[in-house]
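Some notes on the structure that comes next.
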Amino acid sequence: MATQVFSWGLVLKRNSAGMWAGIVGLFVVISLTSGCQSRQEYRSFCSPSTPRLQCSADDQNYKCSQASGLVKLCETYVRRQVARNSPGSELLNLPPQYQNPGYQPWSLVSTGRDGHTYVAYIDGRTTQGFINSVWTLKAMVEKRVDDYQQASASYLNIVSEGMETSDEKVRKSISDLEALGPALQEAQTVGDSILKVIDVPPPFDFRTQALRVVIETAPTDIYLRLAAESAIRSQSQMREQTPQLVRTSKARLNDLQMIVAEPYAQQFADQLQRAEAVGKQVVRERAREWRRAESEGSGYRSGVGGGCSCAGGNVCYGPRGGRYCITSGGKQRYGI
4 MATQVFSWGL
14 VLKRNSAGMW
24 AGIVGLFVVI
34 SLTSGCQSRQ
44 EYRSFCSPST
54 PRLQCSADDQ
64 NYKCSQASGL
74 VKLCETYVRR
84 QVARNSPGSE
94 LLNLPPQYQN
104 PGYQPWSLVS
114 TGRDGHTYVA
124 YIDGRTTQGF
134 INSVWTLKAM
144 VEKRVDDYQQ
154 ASASYLNIVS
164 EGMETSDEKV
174 RKSISDLEAL
184 GPALQEAQTV
194 GDSILKVIDV
204 PPPFDFRTQA
214 LRVVIETAPT
224 DIYLRLAAES
234 AIRSQSQMRE
244 QTPQLVRTSK
254 ARLNDLQMIV
264 AEPYAQQFAD
274 QLQRAEAVGK
284 QVVRERAREW
294 RRAESEGSGY
304 RSGVGGGCSC
314 AGGNVCYGPR
324 GGRYCITSGG
334 KQRYGI
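What follows is the structure in structure tokens.
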């Protein structure tokens, strides 16, 4: 990473030269009135007596690696000078922290089809607590979607075989999914509150002060320029890192909200209608097989002790006419 930073800036482009020319003009008055800078620190960290190399982005040789290391060391000088010129700026440079100790966390508990208990929560007391919460919500949504898919698949398979069973588990899995909506919205609200605190402009202009160090120390030193640019990028990335994590978590919540908002009840009704049509066809096929078996003299005749009631150990399937049962003895009989 250090070599990339060094290589990017070492090949000076026309627009970069223009930027620095403007900066020189901007700070010429400041440089004339500024106090004595620590020349010893500049010599120690930036080693101005060391020849400045011209390295491209592809150069990975030993000398260019050394030059890259010197630029990173010179960055330390830039930061120290900024702190010296602006006492207290170290604290102002720190990313803002979000804390809400009075927030009452939410807890969600779910028991899956496998019998295991799954827990999700929403912790709005700290930024990290919020980020961790989103992962637990993601796992909860995925688990409840899986429960719905398994329950509906099992039920529809039975119906498509022309048999009857309860859809209670399917209805419950749909209800459990829909119940996650308010929790996901609460998590979004927490994320918004956090961003209002941490995603704000910095109170201290580090960039301006870092460029001032270059102008007042050695405007023509390319290593010092690169060191200042690297320090500015690092400072910006440090402040942006946490807000970006929160925005990523909020985007993940958006995806989860879209999953939960799917019209599962309507989807299930449509699938059930198709499964019932298939089941009726299966029943008709069974009825035809039964009639064919009777005509060939190999079936059971309900009028001659062949039928059975839906009582005792007998289990009945299908509508009347094509209905059959499994007797307590394990035999299949049609014609109920």
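Heads up: the sequence shown begins at 4 in the numbering used here, then just goes up one per residue.
A virtual CB, placed ideally from N, CA and C, is assigned to each residue, including glycine.
Distance, Cα to Cα, residue i vs residue j?
i	j	result
Ile225	Leu198	38 Å
Val112	Gln284	42 Å
Pro99	Gln131	13 Å
Leu73	Thr220	17 Å
Asp195	Val122	24 Å
Ala296	Arg287	14 Å
Ala154	Pro266	16 Å
Ala142	Asn103	25 Å
Gly105	Thr129	11 Å
Leu248	Glu189	18 Å
Arg46	Ser68	20 Å
Ser110	Gln191	15 Å
Ser252	Gln244	13 Å
Glu93	Asp117	53 Å
Asn160	Pro185	32 Å
Ser298	Glu167	28 Å
Tyr65	Arg236	25 Å
Leu56	Ala70	7 Å
Ala156	Ala254	30 Å
Thr120	Val81	54 Å
Gln43	Thr211	23 Å
Gln274	Ser239	53 Å
Gly127	Thr53	52 Å
Gln270	Tyr158	14 Å
Gln152	Pro108	30 Å
Arg250	Glu78	30 Å
Glu292	Ala272	30 Å
Less than 6 Å between C-beta atoms, sequence neighbours within five positions excluded: which residues of the same chain meet that for residue i?
i	result
Leu95	Pro206 and Phe207
Arg17	At Arg17 the pLDDT is 39, less than 50, meaning the model places this residue with poor confidence; the figure from the coordinates comes in the next sentence. Hits under 6 Å: none found.
Gln84	Val216
Asp202	Pro246
Ala268	Ile177
Kindly list the residues whose CB is nearer than 8 Å to the CB of residue i, restricted to its own chain and excluding five residues on each side of it in sequence; keep chain order.
i	result
Arg147	Ser113, Ser176, Asp179, Leu180 and Leu183
Provide the residue(s) that pair with residue i in DSSP beta bridges, ordered along the chain.
i	result
Ala123	Leu111
Gln102	Thr129
Among the residues of its own chain, which have a CB less than 7 Å from the CB of residue i, if the five just before and after it don't count?
i	result
Leu187	Leu140, Leu256, Leu259, Gln260 and Val263
Met241	Pro98
Thr36	Any reading at Thr36 is ruled out, since the residue's pLDDT is 39, under 50, leaving its predicted position unreliable.
Val137	Ala190, Ser252, Arg255 and Leu256
My guess is that residue i and residue j are in contact by the Cβ rule of under 8 Å, so how many angstroms apart are they, rounded?
i	j	result
Gly282	Val144	Between Val144 and Gly282 the Cβ distance is about 31 Å, and since that is not below 8 Å, they are no contact.
Val193	Ile134	Actually they are not in contact, since the Cβ atoms of Val193 and Ile134 sit about 10 Å apart, beyond 8 Å.
Tyr101	Val200	5 Å
Cys49	Leu227	6 Å
Gly115	Asp170	About 18 Å; that fails the 8 Å criterion.
Quiz item: Are the segment 276-287 and the segment 207-216 touching by the rule of at least three beta carbon pairs closer than 8 Å?
Solution: With a cut-off of 8 Å, the segment 207-216 and the segment 276-287 do not count as touching, because too few Cβ pairs lie within range.
Self-check item: the segment 198-211 in contact with the segment 89-99 per 3-pair CB rule at 8 Å
Solution: Taking 8 Å as the limit for Cβ pairs, the verdict is that the segment 89-99 does touch the segment 198-211.
Quiz item: Just checking, does the segment 224-243 make contact with the segment 176-184 on the three C-beta pairs under 8 Å criterion?
Solution: No: fewer than three Cβ pairs fall under 8 Å.
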